[in-house]
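Peer 1: Take a look at this one; I'll ask things after.
Chains as they are written, first to last, in the working numbering: chain L, 1 to 407; chain A, 408 to 1005.
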């Protein structure tokens, strides 16, 4: 019942919260670059993507804008190394290889990119040919993430994708032929009218391509999408769970290991960039609608920052203060929830020391929440490891509620 | 001048235009300036204005100069129009010598007006029929006149035709009123007797009593005495409502007005009591009123246990001006600490609930309404329960008796069949059926427990809104009743128990468990819902466990949307009550109301 003693369970202990953060070291820092255009907007997509204008894309001006934007971020991250780069969208593969080359050269001039760091580019089937892939590779891209979504023509059409199943397959072949041995395939399940068998067939096709990394997303109807307004009929709750179980089983049989809610990798080929997000690392976000999160030792703050969303506004303001449409410091009391929202997605969880070093606060104020979540069978914790149980992964939303304020 | 006083009420069905008519009277007699004249002045509570209903009786004194050149002092005592508040009607009528029966010329006579009209006739009041809304194209004055004559037996050939909205006929009504309604009797020289028609608590001046002086007079600074208690108070202020509170030197025989006498608690000046003067008391009190009995009961629980004390204070404050509201503390193992509240009827319950939520900002869970049962125990003792979960084991009981009401229903002929079907479904016994013009009058004896469920809504729906309904309590009557418990994951949830006729218990048990399955969302574990009579399970169903609750896609950079989603989920759970480990939405506690539909 709601007696006052228990309502606070799960939330932080205000007495144990320090006055300020203090960073003895800073978390790893990645760079996210957003390219906002797509050939068409998909009805399920709630990312900041925009239908490409007819005619040429403003590649040159956009890359100039990105570099101005990055330049404005540099003072906040002075002297720090970059641990990964991700060029996402939108459909970045709509950009020419020479444009990507100019972009990466510009980035290297402003930041220290250590040799061999992961540099990923998102590509959608049907937007490239083999030569462009090879040139991307030559420009320094060493990982691709392909937005396959499905190998079933019927379902691709229902998703409003511009490519067909043969293009899906061809995209993977092209990637490999162009020299990419490290690529990810994005697949969706729980599609309108999809059966468990159809989902497994899709998955098998993907496995046959032999990618090192697979992302499996359940289709969800997000606000502000066409699907939200005109919802298609999706498989019911039980069918979705059956699908997820069957998918997990099949992936395990093919030596993929789940390391995050939706991410599977072979031989440890995890996405460094995504793992940094999930470990509450820092990231610079440049490009239209890009989100950034930067910790600073001198001010003892963690700041979130969002850039202008519409491409035309972004182009007009990049590098200027008014390009930032939202900026706020993460309140101390919100630290637990924000950290857990990311870190508890990881199958192996995290070491409490990471909490300390990546947030600048000890985890102690959230001990009650950890206890309550453990008592509910959603989480295991010790001095060296905090990880969600299998049930905790399935019920992550309920697990996270323990870290929310009681109101 | 006593012979120029006219005390009257208006009897009208909801929406038949009583308040608008009253407003016109105030306007014609200059009681308020135009600027002060907001719509429907008399319904001063927000809720009354919003719902267009009158809850509390009020009084207005107006001066009207008639065609004969005399100025008449009119006291209009407003009355509520809903069956739940019929006791207030009879109180108001006892202050009057006459009543206007206002009938909507397009709708015809409704059961509630008939009942109130009979009360007026029983109290020897002069009843003047008035046809309102005469301006409407659908108005059928001739038909409605026939109906008044046939259904009520009241001469209506000369009924004044008015439109309170446009102002047509207002003066004619006022003329009839002064000509037909007799002046009050009694003498200012007799020892003082004033009937308390209403009393309410005002935070600035204390208790205000509304009285009708039947004999004698009450002056400012008189020492008044409440006859039932013998307690005396000094009348600081006496006066009338115009409708503004207007002090006067005295209230004389025949007048209706207020007294403020520094009374601190409303119990000291109860409605129906007689006020006399301390130095020359009357010998016997006026006949009072029957005390109002709450008939419908429901548990009310604050969703947030911290609000309990605030809730208690709110109920106490409401009770200051609503003597019919009863409440006592109640503890539910499912819902925690709350109150068992007694109401006059369903509308009264809704109004109280709305006022608590709106004026006191409380979030409440209300259990399904039930009635009071009379239990005769095997040792011969009689007990009353108003909470189904209090029903003791059947073997300790000789008999369970349920309240029976007499329902009078008026409806156009076309709907008689469906209404009869409904009454039979509700275990009704027909007592009378009469065809009167196009209307049919049905009278049924019905168990009140069936009426509080959804009778009113169902009646409206089977008659497309044309049937009207009035009832009065008749008696307690033995019936074969059983308690049906609902168990959630093996735990009896006291707030979900209901008392049901044995013949219906099996099917009701099944319907209830199915309804629970619909209402209770899937949880992280399987939930078993069972219906049981004593130790015997009569129905069971399972709510399958949720298998996951996780957002598949998470774009690492942007966590704001995800957070909003989580916050929404959490807020949704706050609207539920946790019983054991199970989150139960509020609707579940009212499910017993809905199972019958269809």
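Cβ atoms here follow ideal geometry from the backbone N, Cα and C, with glycine treated the same way.
So residue 840(A) packs on residue 558(A), CB below 8 Å; how close in whole Å?
Peer 2: Along the second chain, read from residue 1 onward, the residue named residue 840(A) stands at position 433. Along the second chain, read from residue 1 onward, the residue named residue 558(A) stands at position 151. Incorrect: roughly 13 Å between the Cβ atoms, too far for contact.
Peer 1: Could you tell me if residue 483(A) is buried or exposed, where buried requires 16 or more neighbouring beta carbons within 10 angstroms of its beta carbon?
Peer 2: Position 76 of the second chain holds residue 483(A). By the neighbour-count rule (16 or more Cβ atoms within 10 Å), residue 483(A) is buried.
Peer 1: Which residues in chain A sit within 8 Å of residue 398(L), going by Cβ to Cβ distance?
Peer 2: On the first chain, position 398 is the one that residue 398(L) refers to. Chain A residues near residue 398(L): 931 and 956.
Peer 1: Taking the beta carbon of residue 358(L) as the centre, do at least 16 other beta carbons fall within 10 Å, making it buried, or is it exposed?
Peer 2: Taking the first residue of the first chain as 1, we reach residue 358(L) at position 358. So residue 358(L) ends up on the buried side.
Peer 1: Among residues of its own chain, excluding the 5 on either side of residue 350(L), which ones have a beta-carbon nearer than 7 Å to its beta-carbon?
Peer 2: Sequence index remark: in the first chain, residue 350(L) carries index 350 (1-based). If we look at residue 350(L) and ignore the five residues flanking it on each side, its Cβ neighbours are 279, 343 and 386.
Peer 1: Is the beta carbon of residue 780(A) closer than 8 Å to that of residue 789(A)?
Peer 2: Counting from 1 along the second chain, the entry for residue 789(A) is found at position 382. Counting from 1 along the second chain, the entry for residue 780(A) is found at position 373. It is not a contact, given that the beta carbons lie outside the stated cut-off.
Peer 1: Note down, in chain order, every chain L residue with its Cβ under 7 Å from the Cβ of residue 965(A).
Peer 2: Numbered from its first residue, the second chain carries residue 965(A) at position 558. 291, listed in chain order.
Peer 1: So, for residue 831(A): in the same chain, excluding its five sequence neighbours on each side, which residues have a beta-carbon less than 8 Å away from its beta-carbon?
Peer 2: Start at 1 with the first residue of the second chain, and residue 831(A) comes out as number 424. The answer is none, since no qualifying residue turns up.
Peer 1: Give a yes or no on whether the minimum CB-CB distance between residue 155(L) and chain A is below 8 Å.
Peer 2: As a working note, residue 155(L) is residue 155 in the first chain. Not one chain A Cβ lies under 8 Å of residue 155(L).
Peer 1: Which residues in chain A have a C-beta closer than 8 Å to the C-beta of residue 404(L)? List them in chain order.
Peer 2: Looking up residue 404(L) in the first chain gives position 404. Result: 973, 974 and 977.
Peer 1: Tell me which residue opens and which closes the alpha helix (DSSP H) that residue 12(L) is part of.
Peer 2: If you number the first chain from 1, residue 12(L) lands on position 12. Where residue 12(L) is concerned, there is no enclosing alpha helix (DSSP H), given that its DSSP letter is neither H nor E.
Peer 1: Pull up the distance between the alpha-carbon of residue 218(L) and that of residue 191(L), whole angstroms please.
Peer 2: Numbered from 1 along the first chain, position 218 holds the residue referred to as residue 218(L). Numbered from 1 along the first chain, position 191 holds the residue referred to as residue 191(L). Rounded to whole angstroms, residue 218(L) to residue 191(L) spans 8 Å at the Cα level.
Peer 1: At 9 Å on the CB atoms, spell out the chain A contacts of residue 401(L), in chain order.
Peer 2: Here residue 401(L) refers to the residue found at position 401 when the first chain is read from its first residue. Within 9 Å Cβ-Cβ: 973, 976, 977 and 980.
Peer 1: Of the residues 162(L), 153(L) and 307(L), which one's Cα is nearest the Cα of residue 126(L)?
Peer 2: Stepping through the first chain from its first residue, residue 126(L) is reached at position 126. When only C-alpha atoms are compared, the closest one is 162(L).
Peer 1: In this structure, how does DSSP classify residue 450(A) when only helix, strand and coil are distinguished?
Peer 2: Counted from its first residue, the second chain places residue 450(A) at position 43. Unreliable positioning characterises residue 450(A) in this predicted model, as indicated by a pLDDT of 49, which lies under 50. A coordinate reading is not provided.
Peer 1: Using a Cβ cut-off of 7 Å, pull out every chain A residue sitting near residue 395(L), in sequence order please.
Peer 2: In the first chain, the residue the question calls residue 395(L) occupies position 395. 931, 955, 956 and 957, listed in chain order.
Peer 1: Per DSSP, residue 749(A) forms a beta bridge with which residues?
Peer 2: Sequence index remark: in the second chain, residue 749(A) carries index 342 (1-based). Beta-bridge pairing links residue 749(A) to 704(A) and 733(A).
Peer 1: Could you pull out every residue in the same chain whose Cβ sits closer than 6 Å to the Cβ of residue 687(A), ignoring the five residues on either side in sequence?
Peer 2: Taking the first residue of the second chain as position 1, residue 687(A) is located at position 280. So the list reads 598, once near-sequence residues are dropped.
Peer 1: As a quick exercise: from 807(A), 693(A) and 578(A), pick the residue whose alpha carbon is nearest that of residue 890(A).
Peer 2: For the purposes of this step, residue 890(A) is taken as the residue at position 483 of the second chain. The option with the nearest alpha carbon to residue 890(A) is 807(A).
Peer 1: Counting along the chain, where does the beta strand (DSSP E) carrying residue 818(A) start and finish?
Peer 2: Along the second chain, read from residue 1 onward, the residue named residue 818(A) stands at position 411. Taken as a continuous stretch (DSSP letters only), the beta strand (DSSP E) holding residue 818(A) covers 804-819.
Peer 1: Starting from the beta carbon of residue 627(A), find every residue of chain D whose beta carbon is closer than 7 Å, and list them in chain order.
Peer 2: Looking at the structure shown, chain D is missing, and the protein chains on hand are L and A.
Peer 1: Rounding to the nearest angstrom, what Cα-Cα distance links residue 951(A) and residue 921(A) in this structure?
Peer 2: Translated into the one-based positions of the second chain, residue 951(A) becomes position 544. Translated into the one-based positions of the second chain, residue 921(A) becomes position 514. Residue 951(A) and residue 921(A): Cα-Cα distance of roughly 13 Å.
Peer 1: Taking all protein chains shown into account, do 16 or more other C-beta atoms lie within 10 angstroms of the C-beta of residue 480(A), making it buried, or fewer, making it exposed?
Peer 2: As a working mapping, residue 480(A) is identified with position 73 in the second chain. Under a 10 Å Cβ-count criterion, residue 480(A) is classified as buried, with 16 or more other Cβ atoms of the shown protein chains found around its own Cβ.
Peer 1: So is residue 1(L) buried or exposed if we call it buried at 16+ other beta carbons inside 10 Å?
Peer 2: Walking along the first chain from the start, residue 1(L) turns up at place 1. Reliability fails at residue 1(L), whose pLDDT of 35 lies under 50, so the model's placement of it is uncertain and the value that follows must be treated cautiously. Looking at its Cβ environment, which holds fewer than 16 other Cβ atoms inside 10 Å, residue 1(L) is exposed.
Peer 1: Can you tell me whether residue 995(A) is helix, strand or coil according to DSSP?
Peer 2: Here residue 995(A) corresponds to residue number 588 of the second chain, with the count starting at 1. In this structure, residue 995(A) counts as helix in the three-state DSSP scheme.
Peer 1: Could you check whether residue 347(L) and residue 259(L) sit closer than 8 Å to each other, using their CB atoms as the reference points?
Peer 2: In the first chain, the residue the question calls residue 259(L) occupies position 259. In the first chain, the residue the question calls residue 347(L) occupies position 347. The answer is yes: Cβ separation under 8 Å.
Peer 1: Nearest-angstrom Cα distance between residue 501(A) and residue 941(A)?
Peer 2: The residue you call residue 501(A) lines up with position 94 of the second chain. The residue you call residue 941(A) lines up with position 534 of the second chain. Taking the straight line joining both Cα atoms gives about 50 Å.
Peer 1: Give a yes or no on whether the C-beta atoms belonging to residue 43(L) and residue 227(L) are separated by under 8 Å.
Peer 2: As a first step, residue 43(L) is located in the first chain; it is residue number 43 there, counting from the start. As a first step, residue 227(L) is located in the first chain; it is residue number 227 there, counting from the start. Cβ atoms of residue 43(L) and residue 227(L): closer than 8 Å.
Peer 1: Would you kindly work out how many angstroms separate the C-alpha atoms of residue 670(A) and residue 495(A), rounded to a whole number?
Peer 2: For the purposes of this step, residue 670(A) is taken as the residue at position 263 of the second chain. For the purposes of this step, residue 495(A) is taken as the residue at position 88 of the second chain. So the two alpha carbons sit approximately 22 Å from each other.
Peer 1: Examine chain L for any beta-carbon lying closer than 8 Å to the beta-carbon of residue 970(A), and answer yes or no.
Peer 2: Reading the second chain from its first residue, position 563 is the one you call residue 970(A). It does: the Cβ of residue 970(A) has a partner Cβ on chain L nearer than 8 Å.
Peer 1: Since I believe residue 681(A) is in contact with residue 692(A) (beta carbons under 8 Å), could you give me their beta-carbon distance rounded to a whole number of angstroms?
Peer 2: Sequence index remark: in the second chain, residue 692(A) carries index 285 (1-based). Sequence index remark: in the second chain, residue 681(A) carries index 274 (1-based). Indeed they touch by this definition, with Cβ atoms about 4 Å apart.
Peer 1: So what's residue 431(A) in DSSP terms, helix, strand or just coil?
Peer 2: Working through the second chain from its first residue, we reach residue 431(A) at position 24. Of the three classes helix, strand and coil, the one that applies to residue 431(A) here is helix, per DSSP.
Peer 1: Assuming the contact rule is C-beta atoms closer than 8 Å, residue 215(L) and residue 186(L) should be a hit. Round their C-beta distance to whole Å, please.
Peer 2: Residue mapping note: residue 215(L) aligns to position 215 of the first chain, counting from 1. Residue mapping note: residue 186(L) aligns to position 186 of the first chain, counting from 1. Yes, residue 215(L) and residue 186(L) are in contact; Cβ-Cβ is about 5 Å, under 8 Å.
Peer 1: Are the C-beta of residue 213(L) and some C-beta of chain A separated by less than 8 Å?
Peer 2: As a first step, residue 213(L) is located in the first chain; it is residue number 213 there, counting from the start. So, not an interface residue.
Peer 1: Between which residues of its own chain and residue 522(A) is the CB-CB distance below 6 Å, once the five residues before and five after are set aside?
Peer 2: By one-based count along the second chain, residue 522(A) stands at place 115. Here the set comprises 877.
Peer 1: Can you name the residues of chain A whose CB is closer than 9 Å to the CB of residue 272(L)?
Peer 2: Working through the first chain from its first residue, we reach residue 272(L) at position 272. Those within 9 Å of residue 272(L) in chain A number zero; the least Cβ separation is about 12 Å.
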